[in-house]
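Residue numbers (this note's numbering), protein chains in the order written: chain A, -5 to 301; chain B, 588 to 1020.
Where is the CB? At the ideal position from N, CA and C, for every residue including glycine.
The structure appears below as structure tokens.
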Amino acid sequence: MLSVKHLIDTTSLTADDITQILDTAKSFDPIVNGRNIKKVPALRGRTIVNLFLEPSTRTLKSFELAEKRLSADSISMGGATSSVVKGESLADTIQTIDAMKVDMFVVRARLAGTPQVITQNTDAIVINGGDGKHQHPTQAMLDLYTIREHFGHLDGLKVAIVGDLAHSRVCGSLAPALKTMGADVTLVAPPTFQVGDPSWFGCNQTNHLDDVIEDMDVIYMLRVQLERMEGAAIPSRREYNRLYGLSLEREARMKDNAIICHPGPMNRGMEIDAEVADCARSRILNQVNAGVLTRMAEMYLLMGGEE
Amino acid sequence: MAYLIKGAHVVDPQVGLDGIRDVLVEDKQIVEVAEAIEAAEGVEVIDGAGKYLVPGLVDMHVHFRDPGFEYKETIASGSRAAAHGGFTDVATMPNTDPVTDTGAEIRYQIDAARRAGLVHVRPMGALTRGEKGESLAEIGDMVVEGASAFSDDGHGVQSAGMMKTCMAYVSQFDRVVCAHCEVESLTKNGVINSGRAATRLGMFGWPALGEELEIWRDIELCRSTGCALHICHISTAKGLEMVKAAKAEGLPVTCEVTPHHLFLNDEDIDDTYNTYNTNLKMNPPLRKKSDMEALVDGIIDGSIDCVVTDHAPHAKHEKDCEWEIAFFGTIGLETSLPLMITNLVDTGKMSWDRLVEVMAVNPRRLLRCNPVKIEAGSQADLTLIDPKREIDVTEDYFESKSKNSAFLGQHLTGVATDVLMAGKRTLIDGVVA
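Pasting the structure below:
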């Protein structure tokens, strides 16, 4: 059993919670990756609503597949098709769906804190599929799974998270989760992209990727979210690529066993060069695969596991 | 009507009074203050034993939302909240709809308040037409109709040149300019204090610098124009240092602080999943704990002149939503005095004398109202306080039309039980008349 009712943020998770999620995900690996019939009856008869108030492709499809593989009944609704666009409040939307008796909400939202508002309007379990610039905990779990698969452990690893940290919910949940598991985290970004709190979760901060790249076990490149920037925090894509982009030259300086991750979608040629994205160190497609496994594990455990 | 308030502990630093007295009120005036006064025939006696009697409390920064946003608050409902909180005077901010930027709008508020008959409303006028920061409002017209001070509260006047014009123009009248200090290019999209809170909760920050830079600018404009400057709802330690330095130079600079900036900070905004409590979303935002502590020191040591509530009513649907789209502000009129007594007076950090200065004497002076003193001949604006009476802050406690209090759930000690406003009883044993 997890120590939380909902999966809203990684800051509420204990090391034991995270280990349970990763171990359970591992137990689903032979089902998803080894069988022709990739389905178990674990959540048969349970109802899940994927409420995606902000557009998403990979996260939504990953959840939908995870739900199907667990035999849950699920429906997906988007902001554009829901009554949210007609001016209905979030509380009313949730209470309306809740009245149809559902067991779980998976929510993706533009506004930070939306999952918390949902928990106040339903007794159902809530999974945060990414809220504004706050957190994206299911992304963090699939990242940890991918990294653990490669190294066999998480404690003591040196991980650099590189990119638009200030606007990144991925960083917001990954960095604390890594710290909880005993990894050493370095945040790499230009000052205009750094997080606003220098002491944040005891992470190291630097503006210079070249100073740290040789020490790292994992280089985690963030997507530079041009659509999320409030103003011109960097002068150009070209300059960003030159100073912070993961090029073949930089890749060549990494430790022998080091790996590269990226949450996707990638801006090839900006934060990561095409050749690097496809190189042997890249774990980017492994992350996508782990996404289904870890989301299955989270839904299964939050719904009560073996009970 | 005549009232005799018997046996209360009278505190009024203006006349050096701090002891048990009887106070006799006839019509609108105090007619006698003495150690013992016999109640004549027809004089109603109000028992003051165990209570404090002070000059009527003044809140010089409230939003009554009338006209334009009557679904949040009206002059009538706001007046009830004020009386319930122990106030005899409030200054209403001009960000109404239409904006209070002409004499007629001032007159409307004063007339509506007279009809409500519970509190003296002292409307503030806008500095600029429509609070747009572009051209002078009819400031002289508003002075003639009774405007108490001038402010574009809700916005900083973004152009330094426009602010200089405003302050120079106001300097011909005996009125204070109240500055809401906010450089919008620094606070754009900001919904929470920059730094730890913004990072943890994943939202755009509203940095201290956005406030401090404009405080610095306006102090320099005060020096240049000679216009009296009052800094609204100061929230940072550094901003307060600048005000202190200006005062030490002898500049006519004053400032105010709210109970929420005195008693809450950004660590109170939790990101666990039952919170994101939007009643803690303010402008300026709740700051760091160290800022809060500096403000507490400032209100005690005299560098901050008064306590105001920035009473900001909002309807339920405007707060019961996601933080980023929730409205800014908390109501405050009915919790201000109990918070001050519970947190500062009862703990021995603040004297009753000082409480009276920051909640009655100083704001009345800044609004250019006649002083109210507990002596014969003064207007009978009086607040009687029971320092032992306890309250639970619940939605039901509030007379305000809106219930968006940052202090819901708190248990406080020390409340106003009775208020006389111009000799009329507006609060009787805790119940609004």
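- Counting only runs of at least 4 residues, the stretch 155 to 183 of chain A fully encloses the following alpha helix (DSSP H) elements, listed from N- to C-terminal order: 163 to 174.
- With its beta carbon at least 8 Å from every one in chain A, leucine 867 of chain B lies outside the interface.
- If you draw a straight line from the Cα of glycine 777 of chain B to the Cα of isoleucine 912 of chain B, it comes to about 11 Å.
- Under the DSSP definition of a beta bridge, tyrosine 214 of chain A partners with A:Ile155, A:Cys255.
- Residue-level contact check: arginine 608 of chain B does not touch chain A, since none of the beta carbons of chain A fall below 8 Å from its beta carbon.
- Using a C-beta cut-off of 8 Å, the stretch 698 to 709 of chain B makes contact with the stretch 1003 to 1014 of chain B, since at least three inter-stretch Cβ pairs fall below that distance.
- DSSP places proline 642 of chain B within a strand segment (E or B) once states are collapsed to three.
- Contact annotation: the stretch 827 to 834 of chain B does not touch the stretch 766 to 775 of chain B, with fewer than three C-beta pairs closer than 8 Å.
- Around the beta carbon of threonine 786 of chain B, 16 or more other beta carbons sit within 10 angstroms, so the residue counts as buried.
- Close partners of arginine 102 of chain A in chain B (Cβ separation under 9 Å) are lacking, with about 13 Å as the shortest Cβ gap.
- In this structure, threonine 929 of chain B and glycine 1001 of chain B form a Cβ contact; the two beta carbons are roughly 6 Å apart against a cut-off of 8 Å.
- Taking 8 Å as the threshold, the shortest C-beta distance from isoleucine 856 of chain B to chain A does not fall below it.
- With respect to chain A, the C-beta atom of methionine 790 of chain B has a partner C-beta closer than 8 Å.
- Straight-line spacing of the CA atoms in glutamate 233 of chain A and glutamate 265 of chain A works out to 10 Å.
- DSSP places methionine 135 of chain A in the uninterrupted alpha helix (DSSP H) bounded by 131 to 145.
- By alpha-carbon distance to methionine 729 of chain B, the top candidate from B:Phe915, B:Pro710, B:Val632 is B:Pro710.
- When rounded, the separation of the alpha-carbon atoms in phenylalanine 187 of chain A and isoleucine 802 of chain B is 28 Å.
- The Cβ-Cβ distance between valine 156 of chain A and valine 182 of chain A falls below 8 Å.
- In this chain, glutamate 836 of chain B is not harboured by any beta strand (DSSP E), its DSSP state being neither H nor E.
- Distance from the CA atom of alanine 636 of chain B to the CA atom of proline 685 of chain B, rounded to whole angstroms, is 47 Å.
- What tryptophan 793 of chain B touches in chain A, judged by beta-carbon distance under 8 Å, is nothing: the nearest beta carbon there is about 11 Å away.
- Residue environment analysis places glycine 166 of chain A among the buried positions, since at least 16 neighbouring C-beta atoms fall within 10 angstroms of its C-beta.
- At a cut-off of 8 Å between C-beta atoms, threonine 116 of chain A does not count as an interface residue with respect to chain B.
- Going by C-alpha positions, alanine 134 of chain A is about 28 Å away from threonine 87 of chain A.
- The DSSP-derived three-state label of serine 276 of chain A is strand.
- Serine 923 of chain B counts as buried, since at least 16 other C-beta atoms from the protein chains shown sit within 10 angstroms of its C-beta.
- Interface flag for isoleucine 912 of chain B against chain A is set, since a Cβ pair is found closer than 8 Å.
- At a cut-off of 8 Å between beta carbons, tyrosine 639 of chain B makes no contact with chain A.
- Shown here, aspartate 933 of chain B sits in coil according to DSSP, grouped into three states, outside any helix or strand.
- With respect to serine 65 of chain A, alanine 36 of chain A sits close: the two C-beta atoms are nearer than 8 Å.
- If only complete runs of 4 or more residues are kept, the stretch 737 to 788 of chain B shows the alpha helix (DSSP H) at 747 to 757, 771 to 774, 783 to 788, in order along the chain.
- At a Cβ-Cβ threshold of 8 Å, valine 164 of chain A and histidine 130 of chain A count as neighbours.
- A Cβ-Cβ contact shorter than 8 Å links serine 987 of chain B with leucine 920 of chain B.
- Around the CB of aspartate 609 of chain B, 16 or more other CB atoms lie within 10 Å, so the residue is classed as buried.
- From the beta-carbon of glutamate 798 of chain B, no residue of chain A is found nearer than 7 Å; the closest lies around 16 Å away.
- Among the residues facing chain A, threonine 774 of chain B is not included, as its CB has no counterpart in that chain under 8 Å away.
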